[in-house]
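First comes the structure, then the notes that go with it.
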Amino acid sequence: MFKTNNVTSRIFERQIRTPAPGTSVHSARRFYENLVPSFTIYDVECPDHSFFKFTDDGQYFVCFSRNRQDLIVYRPTWLSFSCKGEDCDNNQELPPQVKRFESFFTQLYVKPLASCNELICKDFFLYMESNQFGIFATSTAQIQDARGTDGAILGVPSFEKITIHLFRLEDGFKLDEKVFHNDCVNLTHNMGAFLYDDLLAVVSLRYQTIHILQIRDSGNLVDVRAIGAYCREDDELFINSSSQLAGNRGDLVDNGTNHDQPNSNNSFLSGIKQRLLSFIFREIWSEETDQTQRVQCLKKKFYFHFQDYVDLVILKVQFLDRHHLLIKFGSVDVGASRNTDQLPAFFAVYNMETTEIVAFYQNAADELYLLFERFCDHFHATSINSIYMNFISSHSNNIHALEQLKSMKNKATSISQFVKKMLSSLPLNCQSMSPSPYFDQSLFRFDEKLISATDRPRQSTDHPIRFNSRRQGDILKFKIKTGPEFGSADGRSKKYSHFLFHPVWPLALSFIQPSLFLPPSAVNIHFRR
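If you read the sequence shown in the working numbering, its first letter stands for residue 118, the second for the next number, and so on.
So this is what it looks like as C-alpha cells:
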C-alpha cells in the first residue's frame, strides 16, 4: 500500500522498517515513484554521432561515428550549475550552457574500430557487466550472389569478413577479436549472437554452425566448441579416420570400382541434424505401442515429412542456461523474411554437454506457449552477475503484464495465430530491453504502443507519453513530450521517436527522426531537476 509521497518520510521509514526477505531491491525501487524525470530540454546541441545505448549498469553511453568507423564512449554525468541570488529554485531559468550535450555526458575516448573496407554494425553491442567488457562487430559489404563453397547453404548472402571485437570499456583498449571469413551472421539487434555469463554464442547462417566462445577474465576470446557439422570435439577426427580406413580398404578391391561413390563428407547429414531427426523419430515411435500402428504413424508423421526436416536450417539461438540452447529451425525464406508469423518454424532444446536434443516444438505448439507464458523469465536467461537486468517486467513476474497478455489473447480472432505471433519472438534477442525502473509495470503504467522497454523507433505522436502510478490511484507521475515544434501542421508527415532511458538515474534521451533511415533532426534530454 502506498503511504506517502514524501522522500524524507520514505527514507525515515526505510531506516526503522525491514522489508520482507527477498524484497529489499523491490522496496528500494519504489523510491523511483518520487524520483522521476520532471524537466525537458528540447533540441539539445549534440555532436554528429550515432547514439546507440547505455550499458546495463549505466556506467557508459556507447556511440558510433557517422561514417561507422570509430567507437565513441561517454560517461553519463549529472547536470551541475550555479546560480546567483536567493531565488534559486526550480523556477529559476537554466543557463544556456545546459542545452549542450556535454553538460550531461563526458567523452572518455574515441577509438578506431573498423578497418578501411569494413563498417561498424551499428545495431550490435553486447555488454559483459562483471568485467565491463564491450562486444562490437564490424563487417565488409554484403555479397548477394555469393558462390557456393563446401558446407555453405544456398540462398544465404555472404560477407567477405565479419569481425567480433572485445573491448575494455574503462579505457577503450582492444583485448581480442574473432574473425569469420566468407560467412553470414545476422547482427541486426543482436539477433545472431547471445551472451550468457562468460559464454558467447554466434550463429553462422552460411555454414550452419553455432560457435561457442568463452570470454576469459584476461580478455581472451577462446573457442569452446562448434555445433553444426559435428557435435563433439572428436567427431571430425573419428569420421576422417573412418573414411581413411574405408578408402584404404577400397583400394585393395577392384581398381576404380568405387570412384563414383559420393564423398563421405557430403553423404552424411550434419551432426546437429542427425540429433534432431533421431529425436523426432524416437518421439513418434513412442507414441504408439502397437507395431502396426507405429509403422503407420512413422510413415505419416516422419517419412512423409523427412525431406522437410532435412531442409531445416538454424536461424537463431539463445542460452537457457550454461548447458542448454534454444535453437530455432526454419527455411532460408524465414531467415530472409521480416514477417515470420505465418511461416513454419521449429524450436529445439539442445544439451551441449550430452549433445542431445531434449525437446522439440513447432511454432504453433500450445505446450511451448504455456511454458513461455508462465516461465518467461527463464527465456531471458540473464547473467547471474547482472544486477539490473533481473528486474525487467514480464508476464511471468508481473500481474499487470500478465493481465495485458491475457487481454490480447482474448481479443485475438485466432488463438493459433496469436500463439504463432507470440512465439515468433523466440529465441529472444540478447540485451534488447532497457532495465530502467520507469518501465517497471509494478510501479508505472504507460502506453506500450508509444513506448516500451524494447529499444525500437516508433511512430511519433503529438501527445505527451504519460507515466501513471500503479500504487497511488493511477495519478500522473510524469510525462514525456518530444516537443510541440515537431508536430506536423497537415498531420500527414510521419515522424519517428526513439527513447533511451538510463538504467539507474531519472534521465532519458528522446530522438526525433524524419525517417527510420535518417539521422535525428532533434535530441531532447528529460531529467529530474
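A virtual CB, placed ideally from N, CA and C, is assigned to each residue, including glycine.
Pick from the options: whose alpha carbon is nearest that of residue i?
i      : options                           : result
Asn480 : Ser395, Ile444, Val142 and Arg185 : Ile444
Cys238 : Thr280, Gln224 and Ser247         : Thr280
Leu432 : Phe221, Leu545 and Lys538         : Leu545
Pro637 : Trp622, Ser614, Lys417 and Ala625 : Ser614
Ser533 : Gln424, Pro581 and Ala482         : Ala482
Asp262 : Ala254, Thr255 and Val273         : Val273
Thr266 : Lys228, Arg323, Ile332 and Pro552 : Arg323
Ile344 : Glu353, Gly336, Asn337 and Leu338 : Glu353
Ser232 : Cys348, Thr255 and Leu633         : Thr255
For residue i, which residues from the same chain have a beta carbon less than 6 angstroms from its beta carbon, with the 5 sequence-adjacent residues on both sides left out?
i      : result
Asp160 : Ala639
Arg392 : Ile474
Asp288 : none
Phe168 : Cys180
Asp240 : Thr305 and His306
Which partner residues of residue i appear in the DSSP bridge assignment?
i      : result
Arg146 : According to DSSP, Arg146 bridges with nothing at all.
Leu283 : Ile252 and Asp293
Cys233 : DSSP, once it has assigned bridges, lists no residue as partnering Cys233.
Arg192 : Thr223
Gly447 : Val430 and Ala462
Asn585 : Arg562 and Leu593
Thr578 : DSSP output for Thr578 lists no bridge partner at all.
Glu670 : Since the first residue of the chain shown is 118 and the last is 646, residue 670 is not available in this structure.
Ala476 : Val466
Ser182 : His166
Asp340 : Leu330
Ala625 : Phe618 and His643
Leu442 : Phe436 and Tyr467
Within a Cβ cutoff of 7 angstroms, which residues of the same chain sit near residue i, ignoring the five residues on either side of it in sequence?
i      : result
Lys170 : Val179, Phe242, Asp572 and Leu617
Ser549 : His306, Asn307, Thr571 and Asp572
Leu369 : Interpretation of Leu369 is limited by its pLDDT of 44, a score under 50 that renders its predicted location unreliable; no figure is taken from the coordinates.
Phe419 : Ile397, Phe398 and Ile401
Residue i to residue j, Cα distance in whole Å?
i      : j      : result
Arg192 : Phe276 : 34 angstroms
Asp293 : Leu312 : 16 angstroms
Leu522 : Leu271 : 39 angstroms
His643 : Asp425 : 52 angstroms
Thr172 : Met245 : 9 angstroms
Lys612 : Pro164 : 21 angstroms
Asn514 : Thr599 : 31 angstroms
Ala606 : Asp579 : For Ala606, the predicted structure reports a pLDDT of 42, less than 50, and the residue's modelled location is therefore unreliable. The matter cannot be settled from this model.
Thr530 : Gln435 : 31 angstroms
Pro379 : Ser359 : A caution first: Pro379 carries a pLDDT of 35, below 50, which makes its placement in the model too unreliable to give a value.
Val449 : Ala465 : 17 angstroms
Leu316 : Gln410 : 45 angstroms
Pro138 : Tyr505 : 19 angstroms
Asp557 : Ala269 : 44 angstroms
Tyr177 : Ser321 : 30 angstroms
Arg491 : Ile516 : 11 angstroms
Thr257 : Lys538 : 33 angstroms
Gly604 : Leu626 : Only weak support is given to the placement of Gly604: the predicted model assigns it a pLDDT of 44, under 50, and the question is left unresolved by the model.
Gln224 : Phe423 : 57 angstroms
Ser524 : Ala518 : 10 angstroms
Ser126 : Ile509 : 27 angstroms
Spatial neighbours of residue i within its chain, please: C-beta separation below 8 angstroms, excluding the five flanking residues on both sides.
i      : result
Phe584 : Val153, Tyr555, Phe561, Arg562, Phe563, Leu593, Lys594, Phe595, Lys596 and Ile597
Glu162 : Lys216, Arg217 and Phe218
Asp494 : Ser511, Ser513 and Asn514
Leu429 : Lys390, Leu393, Phe446, Gly447, Ser448 and Phe463
Helix, strand or coil for residue i, going by three-state DSSP, please let me know.
i      : result
Asp352 : helix
Ile270 : coil
Tyr467 : strand
Ser638 : coil
Thr571 : strand
Asp494 : helix
Lys526 : helix
Ala606 : For Ala606, the predicted structure reports a pLDDT of 42, less than 50, and the residue's modelled location is therefore unreliable. The matter cannot be settled from this model.
Phe421 : coil
Phe242 : coil
Lys612 : coil
Asn299 : strand
Lys216 : helix
Val153 : coil
Phe396 : helix
Tyr159 : coil
Arg323 : coil
Tyr313 : strand
Lys598 : coil
Ala518 : helix
Glu404 : coil
Ile532 : helix
Met308 : coil
Any beta carbon from chain C within less than 8 angstroms of residue i's own beta carbon?
i      : result
His143 : Absence of chain C from the displayed structure is noted, only one protein chain being present.
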